[in-house]
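In this note's numbering, the protein residues as written are 14 to 204.
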Amino acid sequence: MPETPKSTKFLKKALFLDRDGVVINYIPYLSRPEQVQIPEGAGQALKNWQNEDYLLIIITNQSGVGRGRFTLEDVESVHERVCEIYQPFGVEFDDIFLCPHHPDDNCQCRKPSGEMLVRAAEKHGISLADSFFLGDAPSDLEAAIAAGCQPLLVLTGRGQTTFQEIDQYPVKIPVFDKIADTVILLNHDPN
Ligand SMILES: [Mg+2]
Ligand SMILES: [Zn+2]
14 MPETPKSTKF LKKALFLDRD GVVINYIPYL SRPEQVQIPE GAGQALKNWQ NEDYLLIIIT
74 NQSGVGRGRF TLEDVESVHE RVCEIYQPFG VEFDDIFLCP HHPDDNCQCR KPSGEMLVRA
134 AEKHGISLAD SFFLGDAPSD LEAAIAAGCQ PLLVLTGRGQ TTFQEIDQYP VKIPVFDKIA
194 DTVILLNHDP N
């Protein structure tokens with residue numbers, strides 16, 4: 014039996030990513046692969062994060078499933094397209110966690126819960142304290158704070174609206190115009 018790592022030294026780092034409005038351009042209740050488009054510079058940016066040994070893990074609420082607007086199979090085909098569209102940049106997502114539930118289901122996983130981040134950390138041996146969650150919605154920032162990882166806000170998707178209320182959060186949240194700008198964080202790594 015492999016020993017559980019006791020020190021964060023043996024744990025990995027991750028860039029957790031919201032899907033809609035972050036990894037792909039925001040379309041409400043997007044459900045078809047042909048709707049998938051990625052922001053300019055996103056492919057190279059995520060490749061840079063990957064090169065710095067950050068796992069790339071998508072954390073997404075898809076209540077459209079619980080609302081009966083589309084199926085889990087639709088979500089799967091969208092995610093296949095997302096992976097395919099990033100492939101030419103050498104970007105490989107390490108995992109995708111999704112909450113398919115309706116908000117009224119009171120599930121454990123739906124953001125703003127930090128549950129999906131915690132599950133991802135356990136599954137992949139990630140130090141949440143050394144990881145980032147890049148999102149565009151208040152629920153992304155709240156999930157990051159709940160899980161103990163650093164929230165980052167991008168102003169694409171619903172980000173401009175989220176930015177209006179950024180002062181209400183108990184931690185400082187770095188803000189980026191677009192996903193490509195987040196690579197500046199890699200240049201400030203003290204190691
Ligand atoms: Mg979003
Ligand atoms: Zn859920």
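Virtual Cβ for every residue (Gly too), placed ideally from N, Cα, C.
Query                                                                                                                                                                   : Result
Please check the pair K60 and V104, which I expect to be a contact at CB under 8 Å, by giving their CB distance rounded to whole angstroms.                             : 5 Å
Just to confirm before moving on: does the CB-CB distance between P187 and A159 stay below 8 Å?                                                                         : no
Just checking R80 against ligand 2 - is the residue's beta carbon closer than 7 Å to any of the ligand's heavy atoms?                                                   : no
Could you tell me whether the Cβ atoms of R123 and G34 are closer together than 8 Å?                                                                                    : no
Spell out the partners DSSP gives Y67 in its beta bridges.                                                                                                              : K26
Whose CB is closer than 7 Å to a heavy atom of ligand 1? List the residues in chain order.                                                                              : D31, R32, D33, G34, V35, Y39, G148, D149, A150, D153, G170 and R171
Please list, in chain order, all residues of the same chain as E53 whose beta carbon is under 6 Å from its beta carbon, the five residues on each side excluded.        : none
For Q163, does the three-state DSSP call read helix, strand or coil?                                                                                                    : strand
Assign P113 to buried or exposed, taking buried as 16 or more other Cβ atoms, counted over all protein chains shown, within 10 Å of its Cβ.                             : buried
According to DSSP, simplified to helix, strand and coil, what is N119?                                                                                                  : coil
Between the alpha carbons of T174 and A58, how many angstroms are there, rounded?                                                                                       : 24 Å
Whose C-beta lies closer than 8 Å to the C-beta of Q4 among residues of the same chain, with five residues either side of it excluded?                                  : Residue 4 is absent from the structure shown; the chain starts at 14 and stops at 204.
For the alpha helix (DSSP H) containing D108, name the first residue and the last one.                                                                                  : Careful: D108 lies outside any alpha helix (DSSP H), inside the beta strand (DSSP E) at D108 to C112.
Excluding the five sequence neighbours on either side, which residues of its own chain have a C-beta within less than 8 Å of the C-beta of Q121, listed in chain order? : E128
I'd like the ranges of any alpha helix (DSSP H) spanning at least 4 consecutive residues and lying wholly in the segment 117-157.                                       : 128-137
Y99 lies in the alpha helix (DSSP H); which residues open and close that run?                                                                                           : L85 to Y99
Considering only residues of the same chain and omitting the five flanking positions on each side of Y279, which have a CB-CB separation below 6 Å?                     : Any property of residue 279 remains undetermined from this structure, which presents the chain solely from 14 to 204.
Looking at the structure shown, is N38 part of a helix, part of a strand, or coil, going by DSSP?                                                                       : coil
Any chance the CB of R132 is under 7 Å from a heavy atom of ligand 2?                                                                                                   : no
Ligand 2 and H137: does any heavy atom of the ligand fall closer than 7 Å to the residue's C-beta?                                                                      : no
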